Structure formats: C-alpha cells, structure tokens
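Residue numbers (the UniProt record's numbering): 1 to 211.
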C-alpha cells in the first residue's frame, strides 16, 4: 500500500514538472515573439521617421536656385570666353579664365541635382532668366553684342562692369538659397558663390579704380 502511494506521488510529481516545463516554454515563446514584434515595430518606426528626412533633402527653393543659376552661369562662361582675343589686361584674362574654371563644373553639378530630383534642366541657349527664376544681373542681347564687338581696354572696362552686375545677381540668388534652401550641398555651393564672387567683384572694382 505504501509502495502504491509512493508510485502515485512520483507520477504526480513528474506530471507537475512536465506541466511546469510546458508553461515555461510557452512563456519563453511568447517573450521571443514579443521581442521580434518589438524589433519590427521599432525598425518600422525608424524607417517611417527617416522617410520624410530623405524626401526633404531638397525643396522648391533648391530647384529655383539650380534652374536659375544654370543659365546665369552659362552666360558668365559665354562672357568669359569672349575675353580670349579681345581682352588687353592680363588680370582680366586671368579673371575670365578663373570664372570659367569655377562655373563650368558648377553647371554640371546643378544639372545633376535637377535630374536626380526629377526636375527640368534649362535647355542650352536659354537666357530668359525670368523663365527659370534667376535673379538679376543677366546681360541683355544688346549688352552681349556690345561686349562681343569691343576689344582692348574698351573690352576690359565693359567686361568688368558687366561682370560686376552679373556677380551681384548671382550673389543675391545664392543668399536666397542660403536662407530658404534645404539641400545641404546646394547651400554649400551658394556659400562658395557668395565668397568667391564677392572677392572677384572687389578685384574688378580695384582694377576699375573704384577702390
């Protein structure tokens, strides 16, 4: 009788232990499942939080800056090209070369940004700055003809006077980008334009005897 009771107790203990193991296993699975769920939720939340940041890398001000600066730069390069064979001053020739060297690559960069944003790149030969949001300082067709027909000291003076006006327009556009833009590389380019073209304006004013 005692042996029978002992056997019953052993069976009950084994059953209880088995039930406890099942409960623990179930809890463990639940915890693991909850852990995975939490991981997915946090990843999803992180992704959704980063999406607006990615989409906000550029805004309307960045597009206006790029679309305006491209024809503006193209005209500056066209003006700089005229110095070859027309300019008399070595300083003016070097200034024209520096302008072309700086602005040609910027045109390519600006065009690349617009393409990546799915925006229109101004067509070659487009000089109507009002159509692309460019600031002031663009030369008229008559002024470009005047510059093309000049030579020697006359060219040097006309080139610098026109380029100062041109640079003023570019600096105005760049400052607008610095204030309103969202694309960090565009804002960096705008800062470079303000710095470099301000220095060139100072140089040209000195050559013109204004400082």
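Every residue, glycine too, gets a C-beta built ideally from N, C-alpha and C.
Quick caveat: nothing in here was measured; it's all calculated off a predicted structure.
Is the separation between the beta-carbon of residue i and that of residue j shorter than 8 Å?
| i | j | result |
| --- | --- | --- |
| residue 169 | residue 137 | yes |
| residue 166 | residue 80 | no |
| residue 160 | residue 208 | yes |
| residue 150 | residue 86 | yes |
| residue 198 | residue 156 | no |
| residue 186 | residue 65 | yes |
Using alpha carbons as the reference points, say which of the options lies closest to residue i.
| i | options | result |
| --- | --- | --- |
| residue 119 | 76, 59, 173, 105 | 59 |
| residue 69 | 89, 121, 154, 85 | 121 |
| residue 102 | 194, 205, 144, 64 | 194 |
| residue 124 | 107, 202, 140 | 107 |
| residue 104 | 71, 175, 63 | 71 |
| residue 63 | 176, 145, 202 | 176 |
| residue 67 | 147, 84, 117 | 117 |
| residue 148 | 192, 82, 61 | 82 |
| residue 203 | 146, 91, 188 | 91 |
| residue 78 | 109, 188, 143 | 143 |
State buried or exposed for residue i, treating a residue as buried only when at least 16 other CB atoms are found within 10 Å of its CB.
| i | result |
| --- | --- |
| residue 179 | exposed |
| residue 184 | exposed |
| residue 94 | exposed |
| residue 190 | buried |
| residue 17 | Only weak support is given to the placement of residue 17: the predicted model assigns it a pLDDT of 48, under 50, and the question is left unresolved by the model. |
In chain order, what residues of the same chain have a beta carbon less than 8 Å from the beta carbon of residue i, not counting five sequence neighbours either side?
| i | result |
| --- | --- |
| residue 200 | 95, 98, 99, 163, 167 |
Looking only at its own chain, which residues have a Cβ that is under 7 Å from the Cβ of residue i, when we skip the five neighbours before and after it?
| i | result |
| --- | --- |
| residue 73 | 103, 106, 107 |
Might you give, ordered along the chain, the residues of its own chain that have their beta carbon closer than 6 Å to the beta carbon of residue i, omitting 5 neighbours on each side?
| i | result |
| --- | --- |
| residue 171 | 194, 197 |
**Prompt:** Quick one: any contact between the stretch 93-102 and the stretch 110-123, if contact means 3 or more CB pairs under 8 Å?
**Reply:** Result no; under three Cβ-Cβ pairs closer than 8 Å.
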